[in-house]
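A.B. asks:
Structure below.
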């Protein structure tokens, strides 16, 4: 008989070592932060074919200390159900619910694997950093998939294998040393990290991780009761085995070559000829820094026309580009989280016409008219524009809407 998830090592860990660190003021937190799966910000990544819908039914499966409260706070018209196996995490949610008047937030002590006990279905299910800690991730994902509505979306974050190689080396070393989840072991982890050589494979992860400042974060990362990581191929297999369809990556950049950053050569042309799944698998080994897979899944009977973004398709000129969260154009420079990139004079006019209403085709026509491009040069301008917009989508600067709103 399997152990009750509500009382196993994982739930005891999060009751003792809270992670992520609790938030007490959602108004302050949401001023400078956002949740990647929050439909308030990411609805066009979740549903490219429709505008933001206020009255969503949302399930946060493994809500942690504040994630579901953030979604309820930002989406007041939605009904949000939060489940977790940690009583401490749910207590923090109760405090946020009371402080911010979140009447649209319901809290349940429940494991992901037991979600059918809710007897409900949802438009959006978010399970971020949860399934890789369960005893049977496939059983958990399958159970969640059965709660999806026909056009629902399931947002998942799983640990990425190659970006965590150094972390897993340290995990195994600490395990062999007999370290446990106590204060003395946490202090030893701190000392060990401080003495790592500069070329240790964990160094890139440690450099990018911004939250390894609390005992809870260190236990979650290096002394966890149960966790595993996934390659791209394993993510795709997990989704398929759960009876779901892979909708796409929420964060595209780790899985594509970037001709915006470096001129395209023969090697990049070879990469771009690969089928998507093979390309993603190859790229995670060429760009191994990514430590987390953020992806979307849906029911297999959901029409692909509702969500598939394909720049080789004949209808891609009808896509409507719009800026993603925290992205903007300033002069001739695009700004996105963690990076700024300068546009050249040929690229700039295309991006200047992005307004969330114009289609790619309308933008290309606008640039062609501005430059008085003749008919013989129109195909070149079209190809240049399409390549640029594909590049900016791959960089996570732009999202693409599928239902064009007529321009004024």
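In the numbering used here, the protein residues as written are 466 to 873.
By construction, the Cβ of each residue, glycine as well, lies at the ideal position given by its N, Cα and C atoms.
Just so you know, these numbers come straight off a predicted model, no measurement behind them.
Quick check: what's the CA-CA separation for residue 433 versus residue 620?
C.D. replies: In the structure as shown, the chain begins at 466 and stops at 873. Residue 433 is therefore absent and cannot be evaluated.
A.B. asks: Given this structure, state the Cα-to-Cα distance separating residue 777 from residue 722, to the nearest angstrom.
C.D. replies: About 16 Å.
A.B. asks: What are the start and end residues of each continuous beta strand (DSSP E) run of 3 or more residues lying completely inside the region 643 to 686, in chain order?
C.D. replies: None, since the region 643 to 686 contains no complete beta strand (DSSP E) of that length.
A.B. asks: Go ahead and pull the three-state DSSP assignment for residue 601.
C.D. replies: Of the three classes helix, strand and coil, the one that applies to residue 601 here is coil, per DSSP.
A.B. asks: Would you say residue 493 and residue 592 are within 7 Å of each other, going by their C-beta atoms?
C.D. replies: Going by C-beta atoms, residue 493 is not nearer than 7 Å to residue 592.
A.B. asks: For the pair the region 655 to 665 and the region 801 to 810, tell me if three or more CB-CB distances fall below 8 Å.
C.D. replies: No, because fewer than three Cβ pairs between the region 655 to 665 and the region 801 to 810 fall closer than 8 Å, the two stretches do not touch.
A.B. asks: Taking the Cβ atom as the reference point for each residue, do residue 608 and residue 571 lie within a distance shorter than 7 Å?
C.D. replies: Contact flag unset, no.
A.B. asks: Residue 494 lies in the alpha helix (DSSP H); which residues open and close that run?
C.D. replies: First-last of the alpha helix (DSSP H) with residue 494: 491 to 497.
A.B. asks: Measuring CB atoms only, is the region 682 to 700 touching the region 633 to 642, in the sense that at least three cross pairs come out at less than 8 Å?
C.D. replies: Yes, the region 682 to 700 is in contact with the region 633 to 642.
A.B. asks: Here's a check: name, in chain order, each residue in its chain whose Cβ is nearer than 8 Å to the Cβ of residue 705, leaving out the five neighbours to either side.
C.D. replies: Once the five neighbours on either side are set aside, the close Cβ partners of residue 705 are 711.
A.B. asks: Would you report the Cα separation of residue 823 and residue 761, rounded to the nearest angstrom?
C.D. replies: Roughly 26 Å between the two C-alpha positions.
A.B. asks: Between the beta-carbon of residue 627 and the beta-carbon of residue 504, is there less than 7 Å?
C.D. replies: For residue 627 and residue 504, no; Cβs fall outside 7 Å.
A.B. asks: What is the residue span of the alpha helix (DSSP H) that residue 479 lies within?
C.D. replies: Looking at the DSSP string, the run of the alpha helix (DSSP H) that includes residue 479 is 474 to 481.
A.B. asks: Less than 7 Å separating the beta-carbons of residue 549 and residue 555?
C.D. replies: Yes, the pair counts as a contact, with Cβ atoms nearer than the cut-off.
A.B. asks: Pick from 482, 603 and 535: whose alpha carbon is nearest that of residue 497?
C.D. replies: The residue with the shortest Cα to Cα distance from residue 497 is 535.
A.B. asks: In this structure, how does DSSP classify residue 695 when only helix, strand and coil are distinguished?
C.D. replies: Residue 695 falls in the strand class under three-state DSSP.
A.B. asks: Between the Cα of residue 533 and those of 599, 508, 798 and 589, spot the shortest distance and give me the residue it belongs to.
C.D. replies: Of 599, 508, 798 and 589, the residue nearest in Cα terms is 589.
A.B. asks: Got a sec? Which residues, its chain only, sit under 6 Å from residue 821 by beta carbon, not counting five neighbours each side?
C.D. replies: Hits under 6 Å: 787.
A.B. asks: Please confirm whether residue 866 and residue 509 have their CB atoms less than 7 Å apart.
C.D. replies: In this structure, residue 509 lies closer than 7 Å to residue 866 by Cβ.
A.B. asks: Considering only residues of the same chain and omitting the five flanking positions on each side of residue 742, which have a CB-CB separation below 7 Å?
C.D. replies: Contacts found: 701.
A.B. asks: Exposed or buried, which one is residue 507 when buried takes at least 16 other CB atoms within 10 Å?
C.D. replies: So residue 507 ends up on the buried side.
A.B. asks: Would you mind stating whether residue 825 and residue 862 have Cβ atoms separated by less than 7 Å?
C.D. replies: Not closer than 7 Å, so no.
A.B. asks: In terms of alpha-carbon separation, which member of 595, 789 and 843 lies closest to residue 501?
C.D. replies: Residue 501 has its Cα closest to that of 789, out of 595, 789 and 843.
A.B. asks: Nearest CA to the CA of residue 479: which residue from 682, 605 and 581?
C.D. replies: If we check each option's Cα against that of residue 479, 682 comes out closest.
A.B. asks: Per DSSP, what kind of secondary structure is residue 690 in: helix, strand or coil?
C.D. replies: It is coil, neither helix nor strand.
A.B. asks: On the criterion of 16 or more Cβ atoms from any shown chain inside 10 Å, does residue 768 qualify as buried, or is it exposed?
C.D. replies: Residue 768 comes out exposed.
A.B. asks: If you check the beta carbons only, do residue 618 and residue 511 fall under 7 Å apart?
C.D. replies: Closer than 7 Å, so yes.
A.B. asks: Give me the residue from 629, 597 and 859 with the minimum Cα distance to residue 756.
C.D. replies: Here the closest residue by C-alpha is 629.
A.B. asks: Would you list, in sequence order, the uninterrupted beta strand (DSSP E) runs of no fewer than 3 residues that lie entirely inside the region 734 to 805?
C.D. replies: List check, beta strand (DSSP E) in window: 757 to 763, 785 to 788, 793 to 795 and 798 to 801.
A.B. asks: What are the partner residues of residue 865, as DSSP defines its beta bridges?
C.D. replies: Beta-bridge pairing links residue 865 to 786.
A.B. asks: Using beta-carbon positions only, say whether residue 868 and residue 514 come within less than 7 Å of one another.
C.D. replies: In contact: residue 868 and residue 514 (Cβ atoms closer than 7 Å).
A.B. asks: Tell me the DSSP bridge mates of residue 624?
C.D. replies: Paired residue(s): 757.
A.B. asks: Give me the Cα-Cα distance between residue 551 and residue 650, rounded to the nearest whole angstrom.
C.D. replies: Approximately 22 Å between the Cα atoms of the pair.
A.B. asks: So, under 8 Å CB-CB, residue 715 and residue 610 are touching, yes? Tell me the CB distance rounded to an integer number of Å.
C.D. replies: In fact, because the Cβ distance is near 17 Å, the residues do not count as touching under 8 Å.
A.B. asks: Do residue 624 and residue 694 count as a contact pair if the criterion is CB distance below 7 Å?
C.D. replies: Going by C-beta atoms, residue 694 is nearer than 7 Å to residue 624.
A.B. asks: Could you have a look at residue 840 and say whether DSSP puts it in helix, strand or coil?
C.D. replies: Residue state, collapsed to three classes: helix.
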